[in-house]
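In the numbering used here, the protein residues as written are 2 to 208.
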C-alpha cells in the first residue's frame with residue numbers, strides 16, 4: 002500500500018511541475034456513515050462524522066483536473082449486537098464507534114463549463130486512510146484496521162472559480178475493522194469483519 006501511495010503522489014507532483022494550473026485551498030464537510038458486516042448478528046444505524054484539511058487542484062488539458070487532499074477524517078456508527086438462544090434473545094447496545102484517520106483522497110475530475118461563473122464536474126479516485134485514533138474498543142471486543150483503501154465516486158459544482166460544493170460516495174475496498182464475540186449457542190469465538198464508508202458532502206475554497 003505504501004509503494005502504491007508513493008507512486009501516486011509522485012505522479013501528482015510531476016503533474017504539478019508540468020505546465021499546469023495549480024490552486025491550493027481548504028476542504029471540509031460531513032460524513033454519513035454506512036457500516037456493514039459479514040454477519041446478520043450485527044446491525045448499525047448511521048451516524049454523522051466530519052472531515053477537514055488542506056487540498057490542491059491541478060489543472061490538466063481537455064477539461065480534466067486532479068485534486069488531492071490530506072484530511073482528518075472521522076466516521077461514526079452505532080452498532081447493535083443481536084444474541085439469541087433457544088429460550089431468549091437480547092440486543093446489546095453500546096457506545097458509538099468512531100474511526101479517526103488521516104486520509105489522502107486523490108481524484109481525477111472532468112469539468113463541464115456553464116459559463117464564467119459556474120461549472121459542473123464529476124470525479125473518482127482512490128482514498129488511502131491511516132488510523133490515528135484508538136485501535137481497540139473494549140466494549141465490543143472490536144479492533145479497527147491500521148489502514149485501508151477506498152474509492153470515491155461523486156459530482157460537484159465550482160462557483161466563481163473559488164468555491165466548490167461536492168458530494169461523493171466512499172466505497173471501502175476491504176475490511177476496516179473486526180469484531181470478536183462468543184456465540185451464545187455454540188460457545189465458539191467468531192470473527193465478524195466490518196466495512197465503513199458512506200456519503201461525504203462538503204465545501205472547498207481555493208485561494
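No residue lacks a Cβ here, since even glycine has one placed at the ideal position from N, Cα and C.
- Note that the C-beta distance between residue 50 and residue 35 is not below 8 Å.
- Secondary structure of residue 154 (DSSP, three-state): strand.
- When the beta-carbon positions are compared, residue 78 and residue 197 come within less than 8 Å of each other.
- In this structure, the straight-line span from the alpha carbon of residue 116 to that of residue 161 is close to 10 Å.
- Of the residues assessed, residue 139 falls on the exposed side of the cut-off, its CB having fewer than 16 other CB atoms within 10 angstroms.
- Residue pairing by DSSP places residue 195 opposite 38, 178 in a beta bridge.
- Under DSSP, residue 114 shares a beta bridge with 120.
- Short of 6 Å from the beta carbon of residue 128, and not among the five residues preceding or following it, lie these beta carbons of its own chain, in chain order: 104, 106, 151, 153.
- Between residue 26 and residue 52, the C-beta gap is not smaller than 8 Å, which leaves the two residues out of contact.
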